[in-house]
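Colleague: The structure's right below; bear with me while I get my questions together.
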Amino acid sequence: MRIGILGSGLMGGKLGTLFARAGHDVVFSYARQRAKLEGLARAAGEKARAGTPAEAVKDADAVLLAIHWSRLDDVLHQTGDLSGKVVVSCSLPMSEDDSDLVIAHTSSGAEELAKRIPRAHVVLAFNTVPSEVLFDVFDARAKEPRPSLAYCGDSERAKTAAAELIRDVGFDPVDAGPLKIARYMEPFTLLIAQLAYEGERGPELAYRFEWRKG
Ligand SMILES: NC(=O)c1ccc[n+]([C@@H]2O[C@H](COP(=O)([O-])OP(=O)(O)OC[C@H]3O[C@@H](n4cnc5c(N)ncnc54)[C@H](OP(=O)(O)O)[C@@H]3O)[C@@H](O)[C@H]2O)c1
């Protein structure tokens, strides 16, 4: 797939690198310095390049939204029209100081995003995983058992693309249902973050919640 990265920080920088290593064409965009995007693209190899948000979404089969919630207006302004695009969001609707969710529990960031870009296909994915474990999960992707990663959305096309990307970086995708399940996944992500950053055993513990069939 051709993948546009909107927000090339901890999540976008790492996931974009892994998507490129998995064989996708990646455009890194949206950082404060163009040099950072170019450095990421160089390190990620020949499948990656740096661009503007508008360049990242142009011709993209999927777009990864990995920005702080407070940057949403600015990013959407810079991308232009996202009609028909698959938008995989890992962004959480956090307050400016990251102390709490600004949307809960009768809606979610993912649903509000879908309202903002009604002709795009939004899926929430990768939000529950701390960025620190992504490279280790990718390196261990050939080994069983692979950790599960839940995603939700209303568009089958977006969910198919997200599941492929989730598999490509080393997780087993778990379809958690429609986009409104984000109302539960987003607060759950805060619990995961608390375990990762305030618990005693760190990120390694935080993503090892397992999905057992039956
Ligand atoms: N980090 C995690 O482990 C994690 C896990 C799950 C979900 N999430 C969610 O994923 C989203 C992104 O998190 P993150 O940790 O990747 O954030 P981050 O590291 O702060 O990355 C955000 C990106 O936005 C860019 N940016 C910020 N202000 C900008 C501005 N004024 N102009 C241009 N670019 C600007 C940053 O540029 P610079 O690179 O120049 O700073 C950075 O590339 C958040 O919604 C977060 O809640 C994060």
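First residue of the sequence shown? That's 1 in our numbering, and the numbers climb one at a time after it.
Built from N, CA and C at the ideal position, the CB exists for glycine as well.
Pick helix, strand or coil for R71, following the three-state DSSP scheme.
Modeller: In the sequence shown, counting from the first residue as 1, residue 71 sits at position 71. DSSP places R71 in helix when its eight states are reduced to three.
Colleague: Which same chain residues, not among the five before or five after A182, have their C-beta less than 8 angstroms away from its C-beta?
Modeller: What you label residue 182 is simply residue 182 of the sequence shown in a count that begins at 1. Here the set comprises S108, G109, A110, E111, L124, C152.
Colleague: If we count the other Cβ atoms within 10 Å of its Cβ and call it buried at 16 or more, is G84 buried or exposed?
Modeller: Counting from 1 along the sequence shown, the entry for residue 84 is found at position 84. Result: exposed.
Colleague: CA-CA distance, G142 and F171?
Modeller: Taking the sequence shown and counting its residues from 1, the one referred to as residue 142 is at position 142. Taking the sequence shown and counting its residues from 1, the one referred to as residue 171 is at position 171. Residue 142 is actually Ala in this sequence, not Gly. The alpha-carbon atoms of A142 and F171 are separated by roughly 10 angstroms.
Colleague: Would you kindly check if the distance between the Cβ of A62 and the Cβ of I5 is under 8 angstroms?
Modeller: For the purposes of this step, residue 5 is identified with residue 5 of the sequence shown, where counting begins at 1. For the purposes of this step, residue 62 is identified with residue 62 of the sequence shown, where counting begins at 1. Against a cut-off of 8 angstroms, the Cβ pair of A62 and I5 comes out as no contact.
Colleague: Closest by CA to V86, which one among D97, L65, L72, H105?
Modeller: Translated into the one-based positions of the sequence shown, residue 86 becomes position 86. If we check each option's Cα against that of V86, L65 comes out closest.
Colleague: Return the Cβ separation of L113 and T189 in integer angstroms, given the expectation that the two are a contact with Cβ distance under 8 angstroms.
Modeller: In the sequence shown, counting from the first residue as 1, residue 113 sits at position 113. In the sequence shown, counting from the first residue as 1, residue 189 sits at position 189. Going by Cβ atoms, the distance from L113 to T189 rounds to 15 angstroms, so no, they are not a contact pair.
Colleague: Please list, in chain order, all residues of the same chain as D59 whose beta carbon is under 7 angstroms from its beta carbon, the five residues on each side excluded.
Modeller: Translated into the one-based positions of the sequence shown, residue 59 becomes position 59. Cβ neighbours of D59 beyond the five flanking positions: R2.
Colleague: Is any heavy atom of ligand 1 found at a distance shorter than 7 angstroms from the C-beta of S99?
Modeller: In the sequence shown, residue 99 corresponds to position 99, counting from 1. It does not: the Cβ of S99 is nowhere closer than 7 angstroms to a heavy atom of ligand 1.
Colleague: Starting from Y217, follow the alpha helix (DSSP H) in both directions and report where the run begins and ends.
Modeller: What is shown of the chain runs 1 to 214, which leaves residue 217 out entirely.
Colleague: Tell me whether K36, by its Cβ, gets closer than 7 angstroms to a heavy atom of ligand 1.
Modeller: Residue 36 sits at position 36 when you count from the first residue of the sequence shown. Answer for K36: yes, Cβ within range of ligand 1.
Colleague: How about L82 and A120: do their beta carbons lie closer than 8 angstroms?
Modeller: If you number the sequence shown from 1, residue 82 lands on position 82. If you number the sequence shown from 1, residue 120 lands on position 120. Yes, Cβ-Cβ distance for L82 and A120 is below 8 angstroms.
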